[in-house]
Amino acid sequence: MAPARGPPIIDFADFLSGDESRVQKCAQEIREACMTEGFFQIINHSVPSSLMKEILDMSKEFFNLPLEDKMKLDKSQNAYNRGYQRIGSQIISKEAQKKPDLMEGFYVGRELPPDHPQVEAGKFGSGPNLWPTTLGQPFQETCMLYLHHMIEVAEQLLKALAVSLGYEKDFFDEFSKDPMTFYKMLHYPPAPPDNAAELQQGLGSHRDFGCLTLLLQDGVPGLEYWDKTNKEWVPVQPVKDALVVNLGNMFMQWTNDLYESVVHRVINATGAERYSIPFNFNGNPDFVISCLEKCRDKAEDEKYSPVTVEDFIRPQYSATYGRTGHYKVTTTTAEK
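Residue numbers for the sequence shown follow our numbering, so the first one is 2 and each next one is one higher.
Below is the structure:
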């Protein structure tokens with residue numbers, strides 16, 4: 002089923018049932034969504050509804066902390082993508098005139114000890130989490146429990162994607178070992194009443210960098226994706242207990258552009274505070290992404306050269322935060 006306009010809503014219980022006809026039905030729905038809309042929502046997945054509510058409540062509690070407390074966890078002070086991201090520290094859109102994104106975030110990933118091979122090798126996104134001491138152990142425990150469940154759903158979804166591409170369910174298992182994965186608690190303040198959509202957005206128009214994104218939304222709308230056929234922005238309306246799914250550039254490249262990585266953005270024009278939690282699953286940093294055989298007729302049809310996950314992801318993150326510095330320099334110069 003699907004709303005009148007927007008991404009399809011797919012019942013993931015079909016895939017989890019193990020019944021072959023239902024598995025194939027779900028996989029076919031996912032394939033169609035990935036080749037057309039580029040976005041879909043899954044319901045009846047394995048994340049408990051109570052945990053989804055709790056993590057959103059925890060997110061609001063974190064962002065209500067004084068800025069001074071949040072800045073003690075400043076993610077710009079570490080190289081492993083953990084901690085607090087203040088408003089104005091990111092420009093994700095590549096368009097030169099864009100202001101910094103109107104949102105703040107808190108990044109949580111796998112807890113890796115100093116002697117973990119990925120930490121010792123300095124792999125991107127590998128390291129410890131940073132925790133607000135004022136929120137105590139319950140905050141940490143809920144955050145890590147949510148991460149555990151999201152990794153599980155991502156692995157299940159990759160099995161469904163494998164079937165949708167004509168492979169066995171375990172096709173992506175090697176890719177999924179010791180994954181580079183994290184989620185971001187995000188808070189979008191209301192956009193100013195006179196805000197022009199093309200001037201400042203909660204999250205600028207962009208495609209996701211990596212493999213797979215699963216998004217938990219609260220009840221406040223704002224997410225839109227670009228329908229290139231009809232040349233219009235399509236809203237992704239919040240659906241209770243659903244996870245919004247979209248593929249990133251890396252997975253699109255992996256499928257030789259068969260599956261879409263779609264441009265999307267967030268504009269919070271509701272007048273209300275908006276909270277969401279996107280979870281990014283990017284696989285093992287050393288895994289080599291090369292064109293899937295079922296996504297080309299012959300080797301000469303491959304559009305991209307093989308690349309490791311880390312070599313694909315790292316420069317795109319650097320460019321995103323580098324644009325913020327460029328914006329600050331150019332606006333300061335213009336004001337003089």
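Every residue gets a Cβ at the ideal spot worked out from N, C-alpha and C, and that includes glycine.
{"Item": "In whole angstroms, give me the CA-to-CA distance for Pro67 and Leu213.", "Value": "33 Å"}
{"Item": "I need the straight-line Cα distance from Asp287 to Glu233, nearest angstrom please.", "Value": "38 Å"}
{"Item": "Could you have a look at Arg339 and say whether DSSP puts it in helix, strand or coil?", "Value": "The structure shown has nothing for residue 339, since the chain only spans 2 to 337."}
{"Item": "Within its chain, find whatever has a CB closer than 7 Å to the CB of Gln98; leave out the 5 residues flanking it on each side and keep chain order.", "Value": "Residue confidence is low: Gln98 scores 46 on pLDDT, short of 50, so the model does not pin down where it sits. No coordinate-derived value is stated."}
{"Item": "Just to confirm my understanding: we take Asp179, look at its own chain, exclude 5 residues before and 5 after, and list those with CB closer than 6 Å. What are they?", "Value": "Asn285"}
{"Item": "Tell me the residue span of the beta strand (DSSP E) that contains Met251.", "Value": "No beta strand (DSSP E) holds Met251; the alpha helix (DSSP H) holding it covers 250 to 255."}
{"Item": "Extract the residue ranges of the beta strand (DSSP E) inside the segment 261 to 287, only unbroken runs of 3 or more that lie entirely within it.", "Value": "265 to 267, 275 to 282"}
{"Item": "Can you tell me whether Pro49 is helix, strand or coil according to DSSP?", "Value": "coil"}
{"Item": "Between which two residues does the beta strand (DSSP E) carrying Leu148 extend?", "Value": "Segment 137 to 165 is the alpha helix (DSSP H) holding Leu148; no beta strand (DSSP E) there."}
{"Item": "Per DSSP, Trp234 forms a beta bridge with which residues?", "Value": "Trp227"}
{"Item": "Would you grab the beta carbon distance between Gln29 and Val240 for me? Rounded to a whole angstrom, and I think it's under 8 Å.", "Value": "21 Å between Cβ atoms; not a contact."}
{"Item": "What's the gap between the Cα of Thr143 and the Cα of Val109?", "Value": "11 Å"}
{"Item": "If you compare alpha carbons, which of Lys295, Gly19, Tyr305 is closest to Ala163?", "Value": "Lys295"}
{"Item": "Can you give, in chain order, each stretch of the beta strand (DSSP E) that sits fully within the segment 65 to 93 and has at least 3 residues?", "Value": "84 to 86"}
{"Item": "Expressed to the nearest angstrom, what Euclidean distance is found between the alpha-carbon atoms of Ser50 and Phe210?", "Value": "28 Å"}
{"Item": "Expressed to the nearest angstrom, what Euclidean distance is found between the alpha-carbon atoms of Met251 and Glu55?", "Value": "31 Å"}
{"Item": "For Glu105, report the span of its beta strand (DSSP E) as first-last.", "Value": "105 to 110"}
{"Item": "Using three-state DSSP, classify Lys61 as helix, strand or coil.", "Value": "helix"}
{"Item": "Take His117 and list the residues in its own chain whose beta-carbon comes closer than 8 Å to its own, dropping the five residues that flank it on each side.", "Value": "Ser127"}
{"Item": "Using a Cβ-Cβ cutoff of less than 7 Å, which residues in the same chain neighbour Tyr305 once the five nearest sequence positions on both sides are dropped?", "Value": "Gln254, Cys292"}
{"Item": "In whole angstroms, what separates the C-alpha of Asp15 from that of Glu175?", "Value": "24 Å"}
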